[in-house]
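S.K.: Counting from 1, position 2 in the sequence shown corresponds to residue 1 in numbering that gives the first Met the number 0; the numbering is continuous, with no gaps.
Please see the structure below; I have some questions.
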Amino acid sequence: MGKSKKAAPEPRRFTETLAVQLTVEEIAAYADMAARIAADADAREEGRASQNKAERDGIELMQGQVRDYLRRVREKRDYRPVDCEETMDWARNAVRVFRTDTEELVRERAMTTEERQQRLFELPQKEGEGEGAGAGV
Numbered sequence: 000m001g002k003s004k005k006a007a008p009e010p011r012r013f014t015e016t017l018a019v020q021l022t023v024e025e026i027a028a029y030a031d032m033a034a035r036i037a038a039d040a041d042a043r044e045e046g047r048a049s050q051n052k053a054e055r056d057g058i059e060l061m062q063g064q065v066r067d068y069l070r071r072v073r074e075k076r077d078y079r080p081v082d083c084e085e086t087m088d089w090a091r092n093a094v095r096v097f098r099t100d101t102e103e104l105v106r107e108r109a110m111t112t113e114e115r116q117q118r119l120f121e122l123p124q125k126e127g128e129g130e131g132a133g134a135g136v
């Protein structure tokens, strides 16, 4: 009449955009791109008196790119898609998300009511469980 242990469901795998540490080469490349774009924007701005709206919009776009590259250089990280794995921690009633590249915990949250309900018929049964187990109840 005892309860049989159920196998834990397989972790859910997915990709999420997370912070990724930049290499020295990537930092140098972003710094170079920012410098090139800034120089190009400066050159365009010199002739601003005769600029039309499209040219001004182009300069604003370039300035935005420069800010983005300089932020990456300053922070030494970028946000990129990273493969992740979501696991259910039944003992703590928590859902935990880990990066698969570094095994680092990304976040943890409490299970929802629905997640706390273990799905009896979706779990694979081990040998010795199932038909003979619990018979006569």
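We put the beta carbon where it would ideally sit given N, CA and C, even for glycine.
Treat the numbers as computed from the prediction; the structure is a model and nothing was measured.
Excluding the 5 residues flanking I26 on each side, which residues of the same chain have their C-beta closer than 7 Å to its C-beta?
M.R.: Closer than 7 Å at Cβ, skipping near neighbours: V72, K75.
S.K.: Taking the beta carbon of V65 as the centre, do at least 16 other beta carbons fall within 10 Å, making it buried, or is it exposed?
M.R.: That one is buried.
S.K.: I'd like the span of the alpha helix (DSSP H) that includes D56, first residue to last.
M.R.: Where D56 is concerned, the enclosing alpha helix (DSSP H) stretches over 52-74.
S.K.: Between L21 and Y78, is the Cβ-Cβ spacing less than 8 Å?
M.R.: Their beta carbons are not under 8 Å apart, which means L21 does not touch Y78 by this criterion.
S.K.: Using a Cβ-Cβ cut-off of 6 Å (strictly less than) and excluding sequence neighbours within five positions of D82, which residues of its own chain qualify?
M.R.: Excluding sequence neighbours, D82 sits near T14, T99.
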